[in-house]
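Colleague:
Protein chains: 2
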Amino acid sequence: MDVRLADQIASTLEQLVFSGEFQDGERLDELKLAEQFHVSRTPIREALQVLVTSGMAEQIPRRGVFIRQPGPVELMEMFETMAELEAACGRLAATRMTDQDLASLGDANDRCQQAIQNADHDQYYSENETFHQIIYRGAANSYLEKQALQLQNRLKAYRRIQLRFRGRLKQSMDEHSQILQHLQDGEAERAADVLRSHVAVQGEKFHQLIASINR
Amino acid sequence: MDVRLADQIASTLEQLVFSGEFQDGERLDELKLAEQFHVSRTPIREALQVLVTSGMAEQIPRRGVFIRQPGPVELMEMFETMAELEAACGRLAATRMTDQDLASLGDANDRCQQAIQNADHDQYYSENETFHQIIYRGAANSYLEKQALQLQNRLKAYRRIQLRFRGRLKQSMDEHSQILQHLQDGEAERAADVLRSHVAVQGEKFHQLIASINR
DNA sequence: ATAGCAATCCTTGTATACAATATGATTGAC
DNA sequence: GTCAATCATATTGTATACAAGGATTGCTAT
Chain A
1 MDVRLADQIA
11 STLEQLVFSG
21 EFQDGERLDE
31 LKLAEQFHVS
41 RTPIREALQV
51 LVTSGMAEQI
61 PRRGVFIRQP
71 GPVELMEMFE
81 TMAELEAACG
91 RLAATRMTDQ
101 DLASLGDAND
111 RCQQAIQNAD
121 HDQYYSENET
131 FHQIIYRGAA
141 NSYLEKQALQ
151 LQNRLKAYRR
161 IQLRFRGRLK
171 QSMDEHSQIL
181 QHLQDGEAER
191 AADVLRSHVA
201 VQGEKFHQLI
211 ASINR
Chain B
216 MDVRLADQIA
226 STLEQLVFSG
236 EFQDGERLDE
246 LKLAEQFHVS
256 RTPIREALQV
266 LVTSGMAEQI
276 PRRGVFIRQP
286 GPVELMEMFE
296 TMAELEAACG
306 RLAATRMTDQ
316 DLASLGDAND
326 RCQQAIQNAD
336 HDQYYSENET
346 FHQIIYRGAA
356 NSYLEKQALQ
366 LQNRLKAYRR
376 IQLRFRGRLK
386 QSMDEHSQIL
396 QHLQDGEAER
406 AADVLRSHVA
416 VQGEKFHQLI
426 ASINR
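From first to last, the protein sequence lines are chains A and B.
What the first sequence shows, in my numbering, is residues 1 to 215, in sequence order.
What the second sequence shows, in my numbering, is residues 216 to 430, in sequence order.
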C-alpha cells in the first residue's frame with residue numbers, strides 16, 4: 001500500500017512492461033498515462049524516472065522515454081549473469097547455511113516434487129522460485145541476495161518458457177536434488193557448478209526456442 | 216552534457232554522496248537543494264527519485280529521502296559480491312577474449328607496473344581500474360559488464376583504502392600477472408579463483424582497517 | 001513533383017501554486 | 001509536574017501553468 005501515487009504507478013508500469021504490454025521502443029506518453037491513471041503529469045514523470053533508472057526504459061531528453069524490452073541477445077546475457085549469480089550464492093551458501101536453512105530447502109524441494117506429481121505447473125514455478133530464494137538467502141550476503149532477487153524477478157516471465165521442453169521438468173528436479181545434496185555436504189564448488197548449469201540451461205533452452213521460432 | 220537539470224543534479228548528488236559529503240541518514244531537504252542549485256523543487260525531486268531507485272538513498276513517504284551510506288557490514292557484502300562478479304567475468308573471459316583483448320590487458324598491466332615504479336598512486340588506481348574493466352568487457356556479456364562496472368564505481372572510494380597496507384601493491388601486481396597468465400592460457404577456473412581472492416582480499420583489508428580504527 | 005524552409009502544434013522540462021500529512025509546540029487537564 | 005490533545009508550522013505530494021525545444025505539415029521555389 002504505497003502512499004505515493006508515483007510509487008503505485010511505477011509498480012503498475014513495471015508489471016505492464018514485464019507482461020509485455022508495451023512494445024520495444026514504444027514511447028510512454030506522459031499525457032496519455034496521466035489520463036489513464038487519472039492523475040497529473042507530475043507523478044507520472046517521477047514514476048518514469050524509476051523505470052529509466054532501473055533500466056527498463058530509456059530516456060532521450062526532450063523526446064520522451066521509450067520502453068526497452070530485452071531482445072534475445074540481452075536475454076541470453078541476463079540468463080548467463082543469473083547463472084553466475086546463483087553459482088556465487090551456492091558457493092557461499094554451502095558453507096553458511098544453517099541446518100534450519102537446509103531443512104527449509106529440503107521442504108521447498110519436496111513441494112516442488114509434489115507439484116510435479118500434481119502436474120501443477122503454477123505451483124511448481126512458485127515453489128521453484130522459493131527453492132532458489134532460500135539459496136540466495138543462505139549466502140548470508142544481503143547485497144548479493146538483493147541482486148539475485150532483482151534479476152530473478154526480471155527473468156520471471158521468460159523462465160516459464162523452458163517448461164515447454166520435454167523432460168526438462170524431471171531433469172530440473174534431479175538437479176535440485178544434487179544441489180541440495182552438495183549444499184548439505186558443504187561442497188561449495190560442486191554446488192556452484194550444478195547451480196550454474198542448472199540456470200544456464202534455461203538460457204540455452206530459451207535460445208533454442210527463439211531459434212526454432214525464427215526458423 | 217545533460218540537457219535536463221534533473222540529470223545534472225542527479226549526477227552531482229551522486230558524486231557528493233560518493234565523496235562522503237552527506238552523513239548516513241541525513242535528510243535531503245528539497246527546498247534547500249532547490250536553493251543551492253537555483254532551480255525549483257521539480258527537477259530536484261526527479262533527481263532524488265534516481266538516487267532512491269539506485270539504492271543510494273531511502274524514501275519514506277511524507278517524510279523525505281534520506282541518504283544511505285553503506286556501513287561496514289554492507290561494504291563487506293558489496294566487496295564479496297564484487298569478487299564473485301569479477302570471478303564470473305574472469306571465467307567467461309578466459310574462453311572469450313580475443314588476442315587483441317589480451318594484448319590490451321597486457322598493456323594495462325604494464326602501465327600498472329610502471330605506475331608503481333613511478334610511485335604514482337593515482338595513475339596506479341586509474342590503470343588498475345582499466346585492467347579490470349578490460350576483463351569485464353572480455354566476458355563478452357554486456358549485461359554482466361554493466362553490473363560489474365556499476366559496482367566497481369560504487370566501491371571506488373573504498374578500494375583506495377587497501378593502499379595503506381604495506382606490501383599490498385606488490386602482491387596486487389603479482390596477482391594481476393597470474394590473472395593475465397591464466398586468461399592467456401584459457402584456464403577459466405584458475406582465472407576466476409585468482410580474481411575472486413584478488414578482489415575479496417580488498418574487502419578483508421578494508422575490514423581490518425575498520426577494526427583497527429574502532430579498537 | 002520534390003526539396004527545402006517556415007510556421008504551428010505537440011511534447012517535454014521547469015516553475016509555481018495548492019493540498020495533505022507529519023512534526024513539534026503550546027495549552028489544558030489530571 | 002507530566003501527559004495528552006489540539007493547533008500551528010514546515011515539508012512532502014500533486015496539480016496546473018508556463019517555457020522551450022522538436023516534429024509535422026503546408027507552402028514556396030526550383
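Yeah, the Cβ is synthetic: ideal placement off N, Cα and C, and Gly gets one too.
1. In this structure, does DSSP put arginine 154/A in helix, strand or coil?
2. Determine the direct distance from the alpha carbon of glutamate 145/A to that of alanine 302/B, and round the result to whole angstroms.
3. Could you name the residues of the segment 405-421 of chain B whose beta carbon sits closer than 8 Å to any beta carbon of chain A, in the order they occur along the chain?
4. Under a three-way DSSP split, which group does glutamate 77/A fall into?
5. Can you give me the start and stop residues for the beta strand (DSSP E) that glutamate 58/A sits inside?
6. Could you please tell me which residues of the segment 225-245 of chain B, in chain order, have their CB closer than 7 Å to any CB of chain A?
7. Going by the CB atoms, is the gap between isoleucine 425/B and proline 287/B shorter than 7 Å?
8. Would you mind telling me which residues of chain A sit closer than 7 Å to tyrosine 358/B, beta carbon to beta carbon, in chain order?
9. Aspartate 110/A to serine 172/A, Cα distance in whole Å?
10. Which parts of the segment 126-210 of chain A are runs of the alpha helix (DSSP H), unbroken and 4 residues or longer, counting only runs that do not cross its ends?
11. Can we say the segment 46-64 of chain A touches the segment 184-194 of chain A, given the rule of at least three CB pairs closer than 8 Å?
12. If you follow the beta strand (DSSP E) that glycine 64/A is part of, which residue opens it and which one closes it?
13. Leaving out five residues before and five after aspartate 24/A in sequence, what residues of the same chain have Cβ atoms less than 6 Å from its Cβ?
14. Express the C-alpha separation of leucine 228/B and methionine 291/B in angstroms, rounding to a whole number.
15. Between glutamine 49/A and chain B, is any beta-carbon pair separated by less than 7 Å?
16. Grab me the residues of isoleucine 9/A's own chain with a C-beta within less than 7 Å of its C-beta, minus the 5 sequence neighbours each way, in chain order.
17. Give me the chain A residues within the contact set of glutamate 261/B, using Cβ-Cβ distance strictly less than 7 Å, ordered along the chain.
18. On the DSSP bridge list, what partners appear for leucine 28/A?
19. So, is threonine 313/B buried or exposed, given that buried needs 16 or more other C-beta atoms within 10 angstroms?
20. Excluding the 5 residues preceding and the 5 following alanine 6/A in the sequence, name in chain order all residues of the same chain whose CB lies nearer than 6 Å to its CB.
21. State the Cα-Cα distance for the pair glutamine 202/A and valine 218/B, rounded to the nearest angstrom.
22. If you draw a straight line from the alpha carbon of glutamate 21/A to that of alanine 323/B, how long is it in whole angstroms?
23. Contact check, leucine 370/B vs methionine 297/B under 8 Å by CB: the rounded distance?
24. Is DSSP giving asparagine 214/A helix, strand or coil here?
25. Looking at C-alpha atoms only, which residue of Ala355/B, Leu384/B, Ala354/B, Ala407/B is the closest neighbour of lysine 420/B?
26. Which residues in the same chain as cysteine 112/A place their Cβ atom closer than 8 Å to its Cβ, once the five residues preceding and following it in sequence are excluded?
27. Can you find the residues in the same chain that come closer than 7 Å, C-beta to C-beta, to alanine 190/A, ignoring five residues on each side of it along the sequence?
28. Name the two residues that bound the continuous alpha helix (DSSP H) containing valine 17/A.
29. State the Cα-Cα distance for the pair glutamine 133/A and leucine 195/A, rounded to the nearest angstrom.
30. Just to confirm the assignment, what range does the alpha helix (DSSP H) spanning proline 285/B have?
31. Beta-carbon of arginine 219/B versus every beta-carbon of chain A: anything under 7 Å?
32. Compute the Euclidean distance between the alpha carbons of arginine 374/B and leucine 366/B, then round it to the nearest angstrom.
33. Excluding five sequence neighbours on each side, which residues of the same chain lie with their C-beta closer than 7 Å to the C-beta of lysine 247/B?
34. For chain A, is any of its Cβ atoms less than 7 Å away from the one on threonine 268/B?
35. If the criterion is Cβ atoms closer than 7 Å, does the pair asparagine 356/B and glutamate 80/A meet it?
36. Applying a beta-carbon distance threshold of less than 7 Å, which residues of chain A neighbour alanine 249/B?
Modeller: Reading off the structure:
1. helix
2. 17 Å
3. none
4. helix
5. 57-60
6. Answer in chain order: no residues at all.
7. Yes, the pair counts as a contact, with Cβ atoms nearer than the cut-off.
8. Glu74, Glu77, Met78, Thr81
9. 13 Å
10. 142-159, 168-185
11. no
12. 64-67
13. Gln69
14. 24 Å
15. yes
16. Counting only Cβ-Cβ distances below 7 Å, and skipping sequence neighbours, we find Phe37, Pro43, Ile44, Ala47.
17. Arg45, Glu46, Gln49
18. Val65/A
19. Exposed, by the Cβ-count rule.
20. These residues qualify, in order along the chain: Pro43, Glu46, Ala47.
21. For glutamine 202/A and valine 218/B, the gap between their C-alpha atoms comes out near 41 Å.
22. So the two alpha carbons sit approximately 45 Å from each other.
23. 6 Å
24. coil
25. Leu384/B
26. Exclusion of the five residues before and after cysteine 112/A leaves Tyr124, Glu127, Asn128, Phe131, Met173, His176 as the residues of its chain whose Cβ lies within less than 8 Å of its Cβ.
27. Reading off the sequence shown, one finds arginine at residue 190/A, where the question assumed alanine. Excluding its 5 nearest sequence neighbours in each direction, arginine 190/A has C-beta neighbours in its own chain below 7 Å: His182, listed in chain order.
28. 5-18
29. 13 Å
30. Taken as a continuous stretch (DSSP letters only), proline 285/B belongs to no alpha helix (DSSP H), as it is neither H nor E.
31. Proximity of arginine 219/B to chain A, defined by a Cβ-Cβ separation below 7 Å, is satisfied.
32. 11 Å
33. For lysine 247/B, where only same-chain residues beyond five positions count, there are no Cβ hits under 7 Å.
34. At least one chain A Cβ lies under 7 Å of threonine 268/B.
35. yes
36. Those do not exist, as alanine 249/B stays about 15 Å from chain A at its closest Cβ, beyond 7 Å.
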